[in-house]
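Protein chains in written order, with the working numbering: chain A, 1180 to 1448; chain B, 1180 to 1448; chain C, 1180 to 1448; chain D, 1180 to 1448. Positions of the beta carbon are idealized from the N, C-alpha and C atoms, including for glycine.
4 protein chains.
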Amino acid sequence: MSLLTTKDGTRIYYEEHGDENRPSLVILNGIMMSTHSWATFLTDFSKHFRLILMDFRDQGRSERKQSQYHISVHVNDLVDLLDFLNISKGNIVGLSYGGQVAEMFAIKYPERVKSLVLANTPARITPYLAELGEAWKEAAMLYDGERFFKLAIPFIYSDLFYNRNLNWLKERQKTFKSTLNREWFEGFIRLISSNPDFNVLDELHKIECPTLLLGADRDIITPIEEIEMIHEKVKGSEFLVIKDAGHGAFLEKSGEFITAVIGFVLKNC
Amino acid sequence: MSLLTTKDGTRIYYEEHGDENRPSLVILNGIMMSTHSWATFLTDFSKHFRLILMDFRDQGRSERKQSQYHISVHVNDLVDLLDFLNISKGNIVGLSYGGQVAEMFAIKYPERVKSLVLANTPARITPYLAELGEAWKEAAMLYDGERFFKLAIPFIYSDLFYNRNLNWLKERQKTFKSTLNREWFEGFIRLISSNPDFNVLDELHKIECPTLLLGADRDIITPIEEIEMIHEKVKGSEFLVIKDAGHGAFLEKSGEFITAVIGFVLKNC
Amino acid sequence: MSLLTTKDGTRIYYEEHGDENRPSLVILNGIMMSTHSWATFLTDFSKHFRLILMDFRDQGRSERKQSQYHISVHVNDLVDLLDFLNISKGNIVGLSYGGQVAEMFAIKYPERVKSLVLANTPARITPYLAELGEAWKEAAMLYDGERFFKLAIPFIYSDLFYNRNLNWLKERQKTFKSTLNREWFEGFIRLISSNPDFNVLDELHKIECPTLLLGADRDIITPIEEIEMIHEKVKGSEFLVIKDAGHGAFLEKSGEFITAVIGFVLKNC
Amino acid sequence: MSLLTTKDGTRIYYEEHGDENRPSLVILNGIMMSTHSWATFLTDFSKHFRLILMDFRDQGRSERKQSQYHISVHVNDLVDLLDFLNISKGNIVGLSYGGQVAEMFAIKYPERVKSLVLANTPARITPYLAELGEAWKEAAMLYDGERFFKLAIPFIYSDLFYNRNLNWLKERQKTFKSTLNREWFEGFIRLISSNPDFNVLDELHKIECPTLLLGADRDIITPIEEIEMIHEKVKGSEFLVIKDAGHGAFLEKSGEFITAVIGFVLKNC
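Shown next as structure tokens:
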């Protein structure tokens, strides 16, 4: 358990797992996630990689900020962390919001990315995504973990996941209720407010490293068609679809997710 | 503009359009809809049909109730209306919640249904649907049309519809804000609370009239797989999918919806 | 049973069914079809329309030609037939190859098309379609109905149709064996050789009449994506997908096909 | 380049690549393939695995047989090869026909399979597949590589692959013409005739090793729904779909195929 103070003085939480002589695997969380979200993935990933997990500012155990920032600030934080860890060129995996950060990082610092995995990641905020952001902000402003769970989570997991894992989801709802405090919601609102203008479509051609795109057939937040646009612009990118899963595909179908990440990164090492 | 007082003393609003010698077309609304929702459909439908629109109790201009009821109560209301209008055997079109009522009606009174169109209609409340119901109830309990619109509507229309019709949706949001009052929300909550146990899968085989199922490829509320179950159980049923549309397919792709309804009903008259 | 001699002296077979005061419905066959293919559709269509069926030259009971022609020759034949029948403005339904003829007709004579239905129709011959044409030509040059059936038909009907209707298909195979003679194959080869350069993508915007596109989710000859291109170029066109069907959707799911055609044409009359 | 004489006296061609201390990867070819088909995959696979390629009897450089056999004979050949190579428990990858052999092997010798990858593999010969087999047999009996290519290959690769790789396909057609001799066709006919009754659906539950299913969204030979059946019966199996590819997905999208195989096998080692 470690904290890094970034150049702008923000304390960023990160974790390292696995042998440091192995290829790196740096995972950037989705907006509602944290390093905690990877607990059940540690064994598989640390067997093959030097695994680096981090919480964005306003996530998990990283520092809560007082004022609004732009999503690009996380790119700086990532640079600081990779510098500190002496990772000159990393294998970067980003999910959704974390994938947006990964896209910006790969566009700005192509020399620092050995391979890139973008899971359920958009290249732009469509009007629909902007409205979803508004819905989540509205739900967050109730400052009530249980109500937030009820209102926001049905967008994330597929109907199939709900139908098969209702008990688990009800437990999660209780966890949300007991752990999400006002500080968490304020951080979440800053995160969700950090990227209304996000659109890297015209810069994606700068990504020339091996790139894997992961989509899910029931993902309504980053539908296949939006990921297809990335596929067309990132030359040579691979594209795998996880079947019967929603936006939370990494969790709904964790086996397939781990298979794809391990295979793609090791192939390109 | 007419009101019928049903056998249990409830005032039900209904409208008739078109020549009464034409084949009937009785439309049952989705849960957030009302007879108003059909304004732009009147010309096409009344050219070919004796069109009957009605508001369920707690919808539109029908009476608001004080106590909770079961969804099956609407079946009785429909019987009373058809009796009053001297429609011994009607062509029934139901959307979503209205489709559930249509299913129950066709199962209980097969002799009164000439043909049946079920648009974006489930045959059972899955755990996911139940949770969606909870989310909508939660959103309704804010008693604020604008916030309700923000929280509930992104489940209904597809991302593509949002991306192409944002201005129209923003206008709708204003209408929700100005017109949805406490009375409306209380009615909506009763409607959404009326069918937690809904499941007619084992009775669908009793439907023997010509039946058309309409689905939409981006409908997450009644996904294609759920409609497929109806298709398997209703012998000889037809199944058309509206492409690039969500649960609100009748509005997102009104041309295709009208085409399918007119064609199916006239073919079977 | 009637023959019309066209302006260039070719005898074209056509049929009329239904009351001639009803709206017209002119059906243009797919390449392996003939007026015979519509036997089981006559009742439904003639109830609502003045139904006109025709065999293209080299099809069914129309004249076999000795020399190669371009697909556009059928447009002239269609003009001659409509003139003869006094149909100044018709409702045109084209399937596949017949849909290509319908596209050319609607582009060249927009004033003569009241509404247009394009079922499983391409707007261009892709390299894949050209190779399929070569495969069919190769199969035809065996001049053996049974072997032709075995080699060519699995491209047309979906696996699901084969799995559910194997006996019917085996009967069809026998019919092919007993009825397809050298003359038929030579005609088929001319038809399949008449459109290697077909591409109307840049002219589709000239189609301004009500247009319905019918696709099928398992159609590999005219996949959804190709039809999507037409949808984008023909302003206001409707698009319905027939589920669980291949290129032979009109037969695999005849109910859905009839529903869509009746509804669309009557709506626009 | 090595030949193994199996217990029944058949010479089976096989190849070994990569460090023999690495995890094994035993690849079983599709019906039209041979060890040659893997030329461009050697680098990626041999970096991570002790790669074993083999030609089934009647394939590639293995012995041509004179009489018909059942597909299960290859299971015996595989046992002999693994015994000879001292592979007590292997990672088995099967494609299509090779996947059927892999299924039978895993069902009969579960203790010898460490992990299993079934790519574009059916669990049963449906009526449609049987008819496809007849079509291919018919095409093979022309004993002409060019005509065989024209008639049989459009079932295998997707339209998108044809549209993007026409020149490559035309080169392949020339290779077929120059290399497929009567001996090859007779072998192919025996292979395609070896499994008319294949159906392991009721035995799939015996497969308990880690299993990855690979499908392709445009595969008409082993459509997603057929693979879904395997997914339901093999407990804990993973399922990845390769987008925009047909039955020849391993070649159409070789990057995605290699990613999935490397990731899945290494994860389970």
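To the nearest angstrom, how far is the alpha carbon of residue i from that of residue j?
| i | j | result |
| --- | --- | --- |
| ARG1190/D | TYR1248/D | 15 Å |
| GLU1350/A | LYS1329/A | 12 Å |
| ARG1240/D | PHE1443/B | 59 Å |
| LEU1456/C | SER1416/C | With chain C covering only 1180 through 1448, there is no way to say anything about residue 1456/C. |
| VAL1272/B | LEU1297/B | 6 Å |
| VAL1292/C | ARG1291/B | 40 Å |
| ARG1369/A | SER1246/A | 8 Å |
| PHE1367/A | LEU1311/B | 22 Å |
| SER1433/B | HIS1426/B | 12 Å |
| PRO1402/A | ILE1335/B | 15 Å |
| GLU1382/C | HIS1227/A | 56 Å |
| THR1185/C | GLY1269/C | 18 Å |
| ILE1437/A | ILE1400/A | 21 Å |
| LEU1466/D | ALA1318/C | Nothing about residue 1466/D can be read from this structure; chain D reaches only from 1180 to 1448. |
| PHE1418/B | GLU1407/B | 8 Å |
| ALA1127/A | MET1212/C | Only positions 1180 to 1448 of chain A appear in the structure, and residue 1127/A is not among them; the question remains open. |
| VAL1258/C | LEU1393/C | 24 Å |
| ALA1309/A | VAL1254/A | 21 Å |
| GLU1449/B | PRO1389/B | Given that chain B is displayed from residue 1180 to residue 1448, the structure contains no residue 1449/B and the question cannot be resolved. |
| ASP1338/C | SER1181/C | 37 Å |
| GLU1365/A | ASN1200/A | 39 Å |
| CYS1448/A | PHE1284/A | 20 Å |
| ASP1223/D | PHE1355/C | 49 Å |
| VAL1205/C | GLU1387/B | 33 Å |
| VAL1280/B | VAL1252/C | 54 Å |
Would you kindly check if the distance between the Cβ of residue j and the Cβ of residue i is under 7 Å?
| i | j | result |
| --- | --- | --- |
| ARG1243/B | GLU1362/B | yes |
| LEU1445/A | ILE1441/D | yes |
| LEU1230/C | GLY1277/C | no |
| TYR1341/A | TYR1192/B | no |
| SER1357/B | ILE1250/B | no |
| LYS1385/A | ILE1286/A | yes |
| ALA1439/D | ASN1299/D | no |
| SER1203/B | ILE1304/B | no |
| LEU1274/A | GLY1209/A | yes |
| HIS1196/C | SER1216/C | no |
| GLU1411/B | ILE1421/B | no |
Assign residue i to one of three DSSP states: helix, strand, or coil.
| i | result |
| --- | --- |
| MET1233/D | strand |
| GLU1195/B | strand |
| SER1139/A | The displayed coordinates of chain A run from 1180 to 1448. Any statement about residue 1139/A would go beyond what the structure contains. |
| ILE1453/C | Since the first residue shown for chain C is 1180 and the last is 1448, residue 1453/C is missing from the structure and cannot be characterised. |
| THR1184/C | strand |
| ILE1335/A | coil |
| ARG1201/B | coil |
| ARG1240/D | coil |
Report the CB separation of residue i from residue j in whole angstroms; it is logged as a contact under 8 Å.
| i | j | result |
| --- | --- | --- |
| MET1233/B | THR1219/B | Between THR1219/B and MET1233/B the Cβ distance is about 18 Å, and since that is not below 8 Å, they are no contact. |
| LEU1260/D | LEU1183/D | 6 Å |
| ASP1423/D | ASP1396/D | 7 Å |
| PRO1333/A | ALA1314/B | 6 Å |
Taking 6 Å as the cut-off, is the beta-carbon of residue i closer than that to any non-hydrogen atom of the ligand FAD?
| i | result |
| --- | --- |
| GLY1278/D | Absent from the structure shown: the ligand FAD. Ligands present: none. |
Problem set entry | Within the stretch 1301-1326 of chain D, ranges of the alpha helix (DSSP H) (whole runs, at least 4 residues) | Fully contained in the stretch 1301-1326 of chain D are the following alpha helix (DSSP H) runs of length 4 or more, in chain order: 1306-1319.
Exercise. What alpha helix (DSSP H) runs, 4 residues minimum, are completely inside the stretch 1354-1441 of chain D?
Worked result: Taking only runs of at least 4 residues, the alpha helix (DSSP H) segments lying wholly in the stretch 1354-1441 of chain D are 1361-1371, 1403-1412, 1428-1431.
For this session: Go through the stretch 1242-1275 of chain D residue by residue and report every complete run of the alpha helix (DSSP H) that reaches 4 residues or more, in order.
Result: The qualifying runs are 1252-1263.
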